[in-house]
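Enquirer: In our numbering, the protein residues as written are 1194 to 1666.
Handing you this structure, nothing more for now.
Here it is as structure tokens:
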């Protein structure tokens, strides 16, 4: 019969020790279980009634949104935002800093190893012997994350890095939107300048006709003075519009990280394309807008701060160990007889601090509640911005058709009044009134065309642009 060897009692003891160590190292999580804060999310956009989304509905998710306007010059300028815009550069640096902090927090989960060495020579006067003392040692220390404090720090740093990624997306989207808005405003100025130049040419011809009529005794001097006033006012408007264009050009240069003196945009045809912006259900807005994502991640950071504050209720543990040697000669440092070693464990527990720990926990909880409130406010503002731009988009589309009708009718009235004035049927005051009305209608039409484009840009920004959450996660 085969003899069965008895099982050593040391085996279960070692297993129990290993299990106990695993439980100790696993610790307990002191941070509350994180849940994404709830926020009011309507089923549909109120101002989207009758709005026809473009198809496919994921256009903005697939590429640079500014290409939807079909302007080659804008496409070229927008590509320089990531490279040269200093606000975006600062956001990129902040994101890299946040990522470095994550690595720093993760490093705290592992032991710290140090190598030390020293040498000393001592002696005294007279016949006292000179002593040499050399030491070399390698040591390690480790704080086991029993209560989850260090893991809470890592989780919080991860959430903070995600918030920084969303901040970077927000800075990029803001710079792109501002660039597009300034660019379309500049093209509007070009159109206004062209319109005023044509108007001034017409006013000069009318002034010449009126001067001839005055010299012939047909027209009163008041007609001549009114014609001169009309021309001067139009020239003043042209000067103001030229100044506005220069300021827009300077703003674009700064957005691109260039000195205004080294940058210029030539007059070019104005592409009047206004894309129909695809709309999703309102809940997708919470996933696409970078400011909403950043606010939600900061709630997660605040949640981990509660855990870090709670960890002060529990004792802190620290394990240390070292191995080295000491000798009077360098060559003897590596002899076994001169070796020294030590192992140690220390624990510390605060017994009384007059409620400071509880106050710290309460402060962290209040900070979490404030972060939740800021998140919900950001969500409400996001929905409000979309509703505003949808309302403006619909109204401007209606106004554009009316502006076109008004401008066409005013042009006809102006021409008729000029013809009747030349025929002596009406006074020059009627001509001036018709000219003022016609110029105002033309300029309002140009303004309406620009407003539709800038509103489309604002709507795209409100919807989160081309940014989507997986990049930040």
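Heads up, the beta-carbon is just placed ideally off N, CA and C, and yes, glycines get one too.
I believe residue 1573 touches residue 1233 by the beta-carbon criterion, under 8 Å. Please report the beta-carbon distance rounded to the nearest angstrom.
Expert: Here residue 1573 refers to the residue found at position 380 when the chain shown is read from its first residue. Here residue 1233 refers to the residue found at position 40 when the chain shown is read from its first residue. Indeed, because the Cβ distance is near 7 Å, the residues count as touching under 8 Å.
Enquirer: Let's see if you can read the secondary structure: which residues bound the alpha helix (DSSP H) around residue 1488?
Expert: Position 295 of the chain shown, counted from the first residue, corresponds to residue 1488. Here the alpha helix (DSSP H) through residue 1488 covers 1483-1503.
Enquirer: Once you ignore the five residues that flank residue 1345 on each side, which residues in its own chain have a CB closer than 6 Å to its CB?
Expert: On the chain shown, position 152 is the one that residue 1345 refers to. If we look at residue 1345 and ignore the five residues flanking it on each side, its Cβ neighbours are 1224, 1497, 1500 and 1501.
Enquirer: So what does DSSP say about residue 1331, is it helix, strand or coil?
Expert: Counting from 1 along the chain shown, the entry for residue 1331 is found at position 138. It is a strand residue.
Enquirer: What's the C-alpha gap between residue 1284 and residue 1236?
Expert: Translated into the one-based positions of the chain shown, residue 1284 becomes position 91. Translated into the one-based positions of the chain shown, residue 1236 becomes position 43. Distance between the alpha carbons of residue 1284 and residue 1236 is about 34 Å.
Enquirer: May I ask which residues mark the beginning and end of the beta strand (DSSP E) holding residue 1540?
Expert: The residue you call residue 1540 lines up with position 347 of the chain shown. From DSSP, the beta strand (DSSP E) with residue 1540 extends over 1532-1541.
Enquirer: Answer with buried or exposed for residue 1316, where buried requires no fewer than 16 other C-beta atoms within 10 angstroms of its C-beta.
Expert: Indexing the chain shown from 1 puts residue 1316 at position 123. Classification for residue 1316: exposed.
Enquirer: Per DSSP, residue 1313 forms a beta bridge with which residues?
Expert: Position 120 of the chain shown, counting from 1, holds the residue named residue 1313. Looking at the DSSP assignment, residue 1313 forms a beta bridge with 1326.
Enquirer: Taking the CB atoms as reference points, tell me whether residue 1453 and residue 1446 lie closer together than 8 Å.
Expert: One-based indexing of the chain shown puts residue 1453 at position 260. One-based indexing of the chain shown puts residue 1446 at position 253. Yes, the Cβ-Cβ distance between residue 1453 and residue 1446 is below 8 Å.
Enquirer: Where does residue 1649 sit, in a helix, a strand or coil, going by DSSP?
Expert: By 1-based counting over the chain shown, the position of residue 1649 is 456. It is helical.
Enquirer: Just checking residue 1559 against the ligand COA - is the residue's beta carbon closer than 7 Å to any of the ligand's heavy atoms?
Expert: As for the ligand COA, it is missing from this structure, which has no ligand bound.
Enquirer: Does the count of Cβ pairs from the stretch 1376-1392 and the stretch 1469-1478 closer than 8 Å reach three?
Expert: No contact exists between the stretch 1376-1392 and the stretch 1469-1478.
Enquirer: DSSP state of residue 1470, grouped into three classes?
Expert: Working through the chain shown from its first residue, we reach residue 1470 at position 277. DSSP places residue 1470 in coil when its eight states are reduced to three.
Enquirer: What residue range is occupied by the uninterrupted alpha helix (DSSP H) comprising residue 1517?
Expert: Counted from its first residue, the chain shown places residue 1517 at position 324. Note, residue 1517: premise wrong, no alpha helix (DSSP H); beta strand (DSSP E) at 1509-1520.
Enquirer: Kindly indicate which residue of 1341, 1436, 1624 and 1487 has the alpha-carbon position closest to the one of residue 1612.
Expert: By 1-based counting over the chain shown, the position of residue 1612 is 419. Checking every option, the nearest Cα to that of residue 1612 belongs to 1624.
Enquirer: Could you check the C-alpha separation between residue 1227 and residue 1657 for me, to the nearest Å?
Expert: Translated into positions along the chain shown, residue 1227 becomes position 34. Translated into positions along the chain shown, residue 1657 becomes position 464. Spanning the two alpha carbons is a distance of roughly 25 Å.
Enquirer: Please look up how many angstroms separate the CB atoms of residue 1490 and residue 1356, rounded, as I've assumed it's under 8 Å.
Expert: As a working note, residue 1490 is residue 297 in the chain shown. As a working note, residue 1356 is residue 163 in the chain shown. Going by Cβ atoms, the distance from residue 1490 to residue 1356 rounds to 4 Å, so yes, they are a contact pair.
Enquirer: According to DSSP, is residue 1306 part of a helix, a strand, or is it coil?
Expert: Stepping through the chain shown from its first residue, residue 1306 is reached at position 113. In this structure, residue 1306 counts as strand in the three-state DSSP scheme.
Enquirer: Candidates 1520, 1334 and 1278: which alpha carbon is nearest residue 1539's?
Expert: The residue given as residue 1539 occupies position 346 in the chain shown. Looking at the Cα atoms, 1334 is the closest of the given residues.
Enquirer: Near residue 1332, which residues of its chain fall below 6 Å by C-beta distance, leaving aside the five closest residues on each side in sequence?
Expert: Translated into positions along the chain shown, residue 1332 becomes position 139. Excluding positions up to five away in sequence, the list reads 1307 and 1515.
Enquirer: Have a look at residue 1617 and residue 1432 and give me their C-alpha separation to the nearest angstrom.
Expert: Translated into the one-based positions of the chain shown, residue 1617 becomes position 424. Translated into the one-based positions of the chain shown, residue 1432 becomes position 239. Distance between the alpha carbons of residue 1617 and residue 1432: 34 Å.
Enquirer: State the start and end residues of the unbroken alpha helix (DSSP H) segment that holds residue 1242.
Expert: For the purposes of this step, residue 1242 is taken as the residue at position 49 of the chain shown. First-last for residue 1242: undefined, no H or E at that position.
Enquirer: Beta-carbon within less than 7 Å of residue 1654's beta-carbon, same chain only, minus the 5 sequence neighbours each way: which residues are those?
Expert: Within the chain shown, residue 1654 is the residue found at index 461, counting from 1. Excluding positions up to five away in sequence, the list reads 1366 and 1370.
Enquirer: Buried or exposed for residue 1429, going by 16 or more other Cβ atoms inside 10 Å?
Expert: Position 236 of the chain shown holds residue 1429. Exposed, because fewer than 16 other Cβ atoms sit within 10 Å of the Cβ of residue 1429.
Enquirer: Do residue 1424 and residue 1396 come within 8 Å of each other at the CB atom, strictly closer than that value?
Expert: For the purposes of this step, residue 1396 is identified with residue 203 of the chain shown, where counting begins at 1. For the purposes of this step, residue 1424 is identified with residue 231 of the chain shown, where counting begins at 1. The answer is yes: Cβ separation under 8 Å.
Enquirer: Tell me, to the nearest whole angstrom, how far the beta carbon of residue 1259 is from that of residue 1380; I am working on the premise that it is less than 8 Å.
Expert: Here residue 1259 refers to the residue found at position 66 of the chain shown. Here residue 1380 refers to the residue found at position 187 of the chain shown. In fact, because the Cβ distance is near 14 Å, the residues do not count as touching under 8 Å.
Enquirer: Looking at C-beta atoms only, is the number of pairs between the stretch 1476-1487 and the stretch 1571-1588 that lie closer than 8 Å three or more?
Expert: Output reads yes: the stretch 1571-1588 touches the stretch 1476-1487.
Enquirer: Might you give, ordered along the chain, the residues of its own chain that have their beta carbon closer than 7 Å to the beta carbon of residue 1329, omitting 5 neighbours on each side?
Expert: Residue 1329 sits at position 136 when you count from the first residue of the chain shown. Correct list, in chain order: 1310, 1517, 1518 and 1526.
Enquirer: Leaving out five residues on either side along the sequence, give the residues of the same chain with a beta carbon under 8 Å from the beta carbon of residue 1354.
Expert: The residue labelled residue 1354 in the question sits at position 161 within the chain shown. Excluding sequence neighbours, residue 1354 sits near 1288, 1291, 1292, 1294 and 1295.
Enquirer: Would residue 1478 pass as a contact of residue 1382 if the rule is Cβ separation under 8 Å?
Expert: Locating residue 1478 in the chain shown gives position 285, counting from the first residue. Locating residue 1382 in the chain shown gives position 189, counting from the first residue. No; because the gap between Cβ atoms is not below 8 Å, this pair is not in contact.
Enquirer: What number of angstroms, rounded off, separates the C-alpha of residue 1639 from the C-alpha of residue 1385?
Expert: As a working note, residue 1639 is residue 446 in the chain shown. As a working note, residue 1385 is residue 192 in the chain shown. Cα to Cα, residue 1639 sits roughly 7 Å from residue 1385.
Enquirer: Using the Cβ count rule (16 or more neighbours within 10 Å means buried), how would you classify residue 1614?
Expert: As a first step, residue 1614 is located in the chain shown; it is residue number 421 there, counting from the start. Under this definition residue 1614 is a buried residue.
Enquirer: With a Cβ-Cβ cutoff of 8 Å, do residue 1298 and residue 1339 count as a contact?
Expert: By 1-based counting over the chain shown, the position of residue 1298 is 105. By 1-based counting over the chain shown, the position of residue 1339 is 146. In this structure, residue 1339 does not lie closer than 8 Å to residue 1298 by Cβ.
Enquirer: In chain order, what residues of the same chain lie with their CB nearer than 7 Å to the CB of residue 1558, ignoring the 5 residues before and after it?
Expert: Within the chain shown, numbered from 1, the residue matching residue 1558 stands at position 365. If we look at residue 1558 and ignore the five residues flanking it on each side, its Cβ neighbours are 1499.
Enquirer: Suppose the cutoff is 7 Å on Cβ atoms and the five residues either side in sequence are ignored; what does the same chain contact list for residue 1404 look like?
Expert: Taking the first residue of the chain shown as position 1, residue 1404 is located at position 211. Closer than 7 Å at Cβ, skipping near neighbours: 1417.
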